[in-house]
Structure formats: structure tokens, C-alpha cells
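Novice: The structure is given below, and queries will be raised subsequently.
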Amino acid sequence: MPTFKVQDRVYHRIGSIFPCPAKKPEFLQIYFIDSNTEQAEQRCKIVQQVKQDLAFKLQDMLQRNNSYIKSFKSVIKKRGLDFRIIIHAEKVLPGEHSRGFNEPTTSE
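Just so we're aligned, residue 369 is where the sequence shown starts under our numbering, counting upward by one.
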């Protein structure tokens, strides 16, 4: 993930959720591949030492238990919509701990 500093603050560029037409999916984009088998195959192409059956089992476990992945998968159903992810680090949801989602305060 590309990172850069501006005035002693670290910023991360996360890129597009969906891959460019001529490129293979990578990182977060892999979760948006329709088939679990194709997801495991793509992961094994990126990290060639990973066994495909192990990658498939791990991703299956994560997809069943990880709330972030469940959220990403729900986006697949809305693929045609134009949307943005905006994080308001200064806002706290009712009932949440006030420092639960703080933005970074130190320079990396």
C-alpha cells in the first residue's frame, strides 16, 4: 500500500475498490471476485508459496466470521452504484467508546 508523508503526517493511498479493466485484482479487490475458488487462485498467484487449499480454508473462515469482509461482500450486490467511503474520525457513534475509532496522532 503506497504511503507518503506531508508535514510529518503519514497518509495511505488505498486506491480503487474495483481493479482497472486491464489489471488483475489485488489486496482488497480480491474480495470482490465472485467465486471463492477464483479468490483463492488469485491469492496464490500473488504469494506463490501459499497452498491453494489452505488459502481457500482461511478465506472461507474469514468470510463467515469477519464483519469487515461481510460488509465488503454486501457492496458486491450494489456494484453498479456510484459511492464513496468517507471516514469522519472526529465523530463518535452513540454508545461507542470515545477513542474507539481515533485517527492516528503520531507520525509513523
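C-beta atoms are modelled at their ideal positions from N, C-alpha and C, and glycine is treated no differently.
1) Note the first and the last residue of the continuous alpha helix (DSSP H) segment covering I414.
2) Would you mind reading off the limits of the alpha helix (DSSP H) that contains L422?
3) When the Cα atoms are used, what is the spatial distance from K413 to S439?
4) I believe I398 touches R411 by the beta-carbon criterion, under 8 Å. Please report the beta-carbon distance rounded to the nearest angstrom.
5) What does the alpha-carbon distance come out to for the pair L422 and V415?
6) Give the secondary structure of I401 by DSSP, where H, G and I count as helix, E and B as strand, and everything else as coil.
Specialist: The relevant details are as follows:
1) Indexing the sequence shown from 1 puts residue 414 at position 46. Following the DSSP letters along the chain, one finds I414 inside the alpha helix (DSSP H) bounded by residues 404-414.
2) Taking the first residue of the sequence shown as 1, we reach residue 422 at position 54. For L422, the enclosing alpha helix (DSSP H) covers residues 420-433.
3) What you label residue 413 is simply residue 45 of the sequence shown in a count that begins at 1. What you label residue 439 is simply residue 71 of the sequence shown in a count that begins at 1. Approximately 25 Å, taken between the alpha carbons.
4) One-based indexing of the sequence shown puts residue 398 at position 30. One-based indexing of the sequence shown puts residue 411 at position 43. Taking a contact as a CB-CB distance under 8 Å, the pair I398 and R411 counts as one, their CB atoms being some 6 Å apart.
5) As a first step, residue 422 must be located in the sequence shown, where it is residue number 54. As a first step, residue 415 must be located in the sequence shown, where it is residue number 47. Rounded to the nearest whole angstrom, the C-alpha separation of L422 and V415 is 12 Å.
6) For the purposes of this step, residue 401 is taken as the residue at position 33 of the sequence shown. Three-state DSSP puts I401 in coil, outside helix and strand.
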